[in-house]
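Notes follow the structure.
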Amino acid sequence: MFERISDFLQGGATLEVNKQGQPTSKDLMVATVALMLNMGHSDSSFGDDEFKSIMSSLNVQFDLSDDEAGHIVDIAEILRKDKAKTGHIMSIIREGFSVEQRELVLSMLWKVVLADGVVEDFEVKYASEVRAQLDLSLESSIRARKNAEKK
């Protein structure tokens with residue numbers, strides 16, 4: 206974790222800390238995962254590949270164990286089902302993360318899209334809507350997708 210804080214202080218994007226450099230709150234983690242789950246459920250099926258992508262992102266970006274990540278996913282799933290909370294989810298992420306961190310969140314979202322090997326038009330549209338709601342530029346969106354495609 207201290208490596209990630211050091212990375213943050215040196216200008217690198219990490220999600221283990223918020224935009225102030227404080228450890229990321231559970232609410233911010235849950236909001237991020239709810240967004241990823243929304244993407245995963247946007248097509249007709251939510252498959253193992255999409256779930257594995259979300260869990261991997263939680264393990265890597267938030268340095269969570271599988272048990273901790275599973276707990277966050279369970280809470281996020283409840284939040285995701287309440288469509289009235291979508292604006293609140295976006296607000297939590299916008300207020301909690303810097304532009305670079307929000308770009309990383311969008312990249313994680315793209316990893317979910319790419320996980321099943323099929324990119325549907327509505328997934329691209331949803332990613333575009335998320336980009337706008339997270340106040341990210343088109344350039345940030347392109348970088349986020351390219352970063353997701355690399356890994």
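Per my numbering, the very first residue in the sequence shown carries number 206; after that it's consecutive. All C-beta atoms in this analysis are idealised placements derived from N, C-alpha and C, irrespective of residue type, glycine included.
Nearest-angstrom Cα separation, counted from residue j out to residue i
{"i": "Q338", "j": "L240", "result": "12 Å"}
{"i": "V304", "j": "A274", "result": "24 Å"}
{"i": "S270", "j": "N264", "result": "6 Å"}
{"i": "E328", "j": "L309", "result": "17 Å"}
{"i": "D272", "j": "R285", "result": "20 Å"}
{"i": "A218", "j": "R348", "result": "13 Å"}
{"i": "S249", "j": "F302", "result": "30 Å"}
{"i": "E255", "j": "A332", "result": "15 Å"}
{"i": "D340", "j": "V235", "result": "19 Å"}
{"i": "V323", "j": "G292", "result": "27 Å"}
{"i": "R299", "j": "S342", "result": "13 Å"}
{"i": "E354", "j": "H276", "result": "28 Å"}
{"i": "E344", "j": "K330", "result": "16 Å"}
{"i": "P228", "j": "I283", "result": "23 Å"}
{"i": "D253", "j": "D287", "result": "23 Å"}
Neighbour-count burial assignment, residue i, 16 or more Cβ in a 10 Å radius
{"i": "K351", "result": "exposed"}
{"i": "Q266", "result": "buried"}
{"i": "V335", "result": "buried"}
{"i": "G245", "result": "buried"}
{"i": "V318", "result": "buried"}
{"i": "A289", "result": "exposed"}
Reference residue i; option with closest CA among the options
{"i": "D232", "options": "D254, A281, M260", "result": "A281"}
{"i": "M260", "options": "K316, I283, A332", "result": "K316"}
{"i": "Q225", "options": "Q306, L319, F327", "result": "Q306"}
{"i": "S230", "options": "D268, F327, L319, L343", "result": "D268"}
{"i": "L311", "options": "I294, S346, I297", "result": "S346"}
{"i": "T362", "options": "V324, E221, L343", "result": "The requested residue 362 does not occur in the structure, where the chain is confined to residues 206 to 356."}
{"i": "K257", "options": "E325, K355, K330, A320", "result": "A320"}
{"i": "D279", "options": "Q227, D326, L242, S342", "result": "L242"}
{"i": "E325", "options": "E354, N223, S247", "result": "S247"}
{"i": "N223", "options": "D253, I277, I297, G252", "result": "I297"}
Minimum Cβ-Cβ distance from residue i to chain C less than 9 Å
{"i": "S345", "result": "Looking at the structure shown, chain C is missing, and only one protein chain is on hand."}
Integer-rounded CB distance, given that residue j should sit under 8 Å from residue i
{"i": "S262", "j": "M313", "result": "5 Å"}
*Ignoring anything shorter than 4 residues or poking outside the stretch 234-311, list the alpha helix (DSSP H) runs there in chain order.*
253-266, 271-286, 291-301
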